[in-house]
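Participant: Residue numbers (our numbering): 561 to 1258. Note that the Cβ used here is the ideal one computed from N, Cα and C, for glycine as well.
See below:
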């Protein structure tokens, strides 16, 4: 832990030195994207024609548009007696929703300074409505969440065929209602269409016109699954599925030009199309109606708070915003203690200057996401998240970009920025700082329900992180350009081999010019005014204040005098039973460095399991277990197993544990370690469950 902390400090110091002397055009330039002599960006392409895509279309109204200041129509004051004001606010929203739009907006509801108790979500179901507070700070407007489980706000309504769930793990963009299409359709005819390109050929362009919205359907075939090496996934001896044969992955685009059978689209394609892996049936191109619940909705200048809960996110009662609308914004909001805070299920939305804060780390091995991408062309800009054992940002399954995270800071032990599952494409992480964790474009293997390859054609640009896992999936690329931090080389999760192929590491440890890829692309497409509209004075280091973030101080634990450092200390841990469901006896109490706390099962539960997730491949050769000194709770049988190569391997088994039980074995690489209590007297109670690599052992 000390080594990681010093390493993180060194990274910050390195960047401070770079910025102290100024970053200019003399800085290194990327071989993949650089400014040409005429000031325009020049892109390197692969042999097949793939390139880094133009991400500048992400954001409100397609990027580079100023968020408007909508006039206030109704003002609401906080209740002097602290009564529930959900209905009062909702009534005001409904009243403004009935007003006649002016310039696309009906009006804003202003919450005066003070505390507003809300037991249900505020729902905005029509275009052009804004809910605005009087500030997100101490003297601003606070939505205090209470009552049963809900989100603070719901923007738009979930489609009937939408599988998107509240935790953002669904697939909103690809399960859109099929009746939104017409019978105008054709098929791509190119042998290969590169990712990041705008043009392709079709069998027949008749019936299509400039300005048409089209849906491009990529079929998932058995040949492609095999090529991606996702056809032989097993877990615990059972077959695990990645993306199923026959699944359709859709991208929605607008036609900007037609020349014969060649179609040009406004926004580049976020994936490649190889005829070897899409035929039959081929890539279908069809007209598609715009299906969205609401547009031009804003939520701004608020503090949203719920009670701090030391809890697993799956049990957390409150989330922030369910955003199903498009061309909407959420800005200047402080979310305090919410889990799975912002689920962005629509398109062309901007999330700006939003802060998420968690007092306690999420409990358990499964992690929530503070910002979840479930749509496309969305921008998370100048945001912040603080919390342990979370995913700061993830993408849901089969979610094509462009999506962008810009100039944001994320801090907390055991937390990472990690696309989550099943082949999303086109994500840009631009000038983000994660001093305690990392950025991962990777093969998650059998993690979860078989997440496999999570990201293709993703870019980390001028970021700072403790480490990166940037891997190239077959036939694709992921990039880390100008990034500071350690390159981790690992196999797919829960495997020992082979190590996955490295992504494209360009100018490691030295930030490149231009400072921001997104801003450079935006200015190149729309001019410098687009930077001003986005709230940036320039595309320079002075606009990126997050380059001096200090790492969170390390969690401390004394090394064992015989075995050394406990490598499992403070790692994610879960159990199948916890006494009274109480955090006082949660699984985390067995690896929290406190000899007085302990994990305990309910009275009468004499068999149970506790699992440490090592959060990466870890070599160990010893385990130490201590039972709590609890009357009548004595283990009479146990076994220890490690998850290695997608299966559980027995390490040891025995009868009693008692105090200072040390189990040694040959060195093994593990991803998880499970202690199963096979028999106990009244219950199980464990105060220490530690993992070690005994370097002193001969």
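Is residue 935 near residue 889, with beta carbons less than 7 Å apart?
Facilitator: Translated into positions along the chain shown, residue 935 becomes position 375. Translated into positions along the chain shown, residue 889 becomes position 329. No, these two residues do not count as a Cβ contact at 7 Å.
Participant: How many angstroms separate the CA atom of residue 955 from the CA atom of residue 808?
Facilitator: Locating residue 955 in the chain shown gives position 395, counting from the first residue. Locating residue 808 in the chain shown gives position 248, counting from the first residue. Looking at the two C-alpha atoms, the distance is approximately 17 Å.
Participant: Please report the Cβ distance between residue 1167 and residue 1243, rounded to the nearest whole angstrom; I am assuming they are in contact, meaning their Cβ atoms lie under 8 Å.
Facilitator: As a position in the chain shown, residue 1167 is number 607, starting the count at 1. As a position in the chain shown, residue 1243 is number 683, starting the count at 1. Contact doesn't hold; Cβ gap of about 10 Å is too wide.
Participant: Assess contact between the stretch 640 to 654 and the stretch 617 to 629, defined as three or more Cβ pairs (one per stretch) separated by less than 8 Å. Is contact present?
Facilitator: no
Participant: Does the ligand ZN have even one heavy atom less than 6 Å from the beta-carbon of residue 876?
Facilitator: Annotation note on the ligand ZN: not contained in the displayed structure, which lists no ligands.
Participant: Tell me the residue span of the beta strand (DSSP E) that contains residue 1169.
Facilitator: As a working note, residue 1169 is residue 609 in the chain shown. 1168 to 1187 is the span of the beta strand (DSSP E), which, as asked, contains residue 1169.
Participant: Give the list of continuous beta strand (DSSP E) stretches no shorter than 3 residues that lie fully inside the stretch 1018 to 1042.
Facilitator: 1019 to 1021, 1024 to 1030, 1039 to 1041
Participant: Count the other C-beta atoms from every protein chain shown that fall within 10 angstroms of the C-beta of residue 910, then say buried if there are 16 or more, exposed otherwise.
Facilitator: Along the chain shown, read from residue 1 onward, the residue named residue 910 stands at position 350. Buried, since its Cβ has 16 or more Cβ neighbours within 10 Å.
Participant: With a Cβ-Cβ cutoff of 7 Å, do residue 949 and residue 929 count as a contact?
Facilitator: Looking up residue 949 in the chain shown gives position 389. Looking up residue 929 in the chain shown gives position 369. Contact flag unset, no.
Participant: Determine the direct distance from the alpha carbon of residue 1084 to that of residue 596, and round the result to whole angstroms.
Facilitator: Indexing the chain shown from 1 puts residue 596 at position 36. Indexing the chain shown from 1 puts residue 1084 at position 524. Answer to the nearest angstrom: the Cα atoms are 12 Å apart.
Participant: In the DSSP output, what is residue 761 paired with across the bridge?
Facilitator: To locate residue 761, count along the chain shown from 1; it is residue 201. For residue 761, which the question treats as bridged, DSSP gives the partners 822.
Participant: Leaving out the 5 sequence neighbours to the left and right, which residues in its chain are closer than 6 Å to residue 784 when beta-carbon positions are compared?
Facilitator: Residue mapping note: residue 784 aligns to position 224 of the chain shown, counting from 1. Result list for residue 784: 837, in chain order.
Participant: Indicate whether the contact test is met: 3 or more Cβ pairs, each with one atom in the stretch 1085 to 1092 and one in the stretch 1057 to 1067, closer than 8 Å.
Facilitator: Taking 8 Å as the limit for Cβ pairs, the verdict is that the stretch 1057 to 1067 does not touch the stretch 1085 to 1092.
Participant: Among 987, 806, 972, which has the Cα closest to the Cα of residue 965?
Facilitator: In the chain shown, the residue the question calls residue 965 occupies position 405. Considering only alpha carbons, the answer is 987.
Participant: Could I get the ranges of all uninterrupted beta strand (DSSP E) runs contained in the stretch 942 to 1027, with 3 residues as the minimum, in chain order?
Facilitator: Listed in chain order, they are 944 to 946, 951 to 955, 960 to 966, 969 to 971, 984 to 990, 993 to 1001, 1019 to 1021.
Participant: How is residue 1243 classed by DSSP in three states: helix, strand or coil?
Facilitator: Taking the chain shown and counting its residues from 1, one reaches residue 1243 at position 683. Three-state result, residue 1243: coil.
Participant: Going residue by residue through the stretch 614 to 670, where are the continuous beta strand (DSSP E) segments of at least 3 residues, counting only ones entirely within it?
Facilitator: DSSP runs (the beta strand (DSSP E)) wholly in the stretch 614 to 670: 632 to 636.
Participant: Which residue from 855, 1113, 1016 puts its Cα closest to that of residue 974?
Facilitator: Translated into positions along the chain shown, residue 974 becomes position 414. Closest by alpha carbon: 1113.
Participant: Any chance the stretch 655 to 664 sits against the stretch 676 to 691, with 3 or more Cβ pairs inside 8 Å?
Facilitator: yes
Participant: Assuming residue 609 contacts residue 752 under a Cβ cut-off of 8 Å, what Cβ separation, rounded to an integer in Å, is found between them?
Facilitator: For the purposes of this step, residue 609 is identified with residue 49 of the chain shown, where counting begins at 1. For the purposes of this step, residue 752 is identified with residue 192 of the chain shown, where counting begins at 1. Correct: roughly 7 Å between the Cβ atoms.
Participant: Could you please give the first and the last residue of the uninterrupted alpha helix (DSSP H) stretch that includes residue 1079?
Facilitator: The count along the chain shown starts at 1 and reaches residue 1079 at position 519. First-last of the alpha helix (DSSP H) with residue 1079: 1077 to 1086.
Participant: Is the separation between the beta-carbon of residue 1196 and that of residue 1239 shorter than 7 Å?
Facilitator: Within the chain shown, numbered from 1, the residue matching residue 1196 stands at position 636. Within the chain shown, numbered from 1, the residue matching residue 1239 stands at position 679. In contact: residue 1196 and residue 1239 (Cβ atoms closer than 7 Å).
Participant: Leaving out five residues on either side along the sequence, give the residues of the same chain with a beta carbon under 7 Å from the beta carbon of residue 844.
Facilitator: Position 284 of the chain shown, counted from the start, is the residue given in the question as residue 844. If we look at residue 844 and ignore the five residues flanking it on each side, its Cβ neighbours are 745, 747, 777.
Participant: State the CB to CB distance for the pair residue 946 and residue 920, rounded to an integer number of angstroms; the pair is presumed to be in contact (CB under 8 Å).
Facilitator: Working through the chain shown from its first residue, we reach residue 946 at position 386. Working through the chain shown from its first residue, we reach residue 920 at position 360. About 11 Å; that fails the 8 Å criterion.
Participant: Please go through the same chain and pick out, in chain order, the residues whose beta-carbon is closer than 6 Å to the beta-carbon of residue 841, but skip the five residues on each side of it.
Facilitator: For the purposes of this step, residue 841 is taken as residue 281 along the chain shown, with counting starting at 1. So the qualifying residues of the chain are 779.
Participant: So, do the stretch 792 to 805 and the stretch 757 to 769 have three or more beta carbon pairs nearer to each other than 8 Å?
Facilitator: no
Participant: Tell me whether residue 1119 sits in a helix, a strand or coil according to DSSP, three-state version.
Facilitator: Walking along the chain shown from the start, residue 1119 turns up at place 559. Residue 1119: coil per DSSP, three-state reduction.
Participant: Could you check the C-alpha separation between residue 1003 and residue 984 for me, to the nearest Å?
Facilitator: For the purposes of this step, residue 1003 is identified with residue 443 of the chain shown, where counting begins at 1. For the purposes of this step, residue 984 is identified with residue 424 of the chain shown, where counting begins at 1. Distance between the alpha carbons of residue 1003 and residue 984: 12 Å.
Participant: I'd like to know whether the C-beta atoms of residue 915 and residue 951 end up nearer to each other than 7 Å.
Facilitator: In the chain shown, the residue the question calls residue 915 occupies position 355. In the chain shown, the residue the question calls residue 951 occupies position 391. For residue 915 and residue 951, no; Cβs fall outside 7 Å.
Participant: Helix, strand or coil: how does DSSP classify residue 1108 here?
Facilitator: Working through the chain shown from its first residue, we reach residue 1108 at position 548. Here residue 1108 sits in helix by DSSP.
Participant: To the nearest angstrom, how far is the alpha carbon of residue 812 from that of residue 823?
Facilitator: As a first step, residue 812 must be located in the chain shown, where it is residue number 252. As a first step, residue 823 must be located in the chain shown, where it is residue number 263. Cα to Cα, residue 812 sits roughly 14 Å from residue 823.
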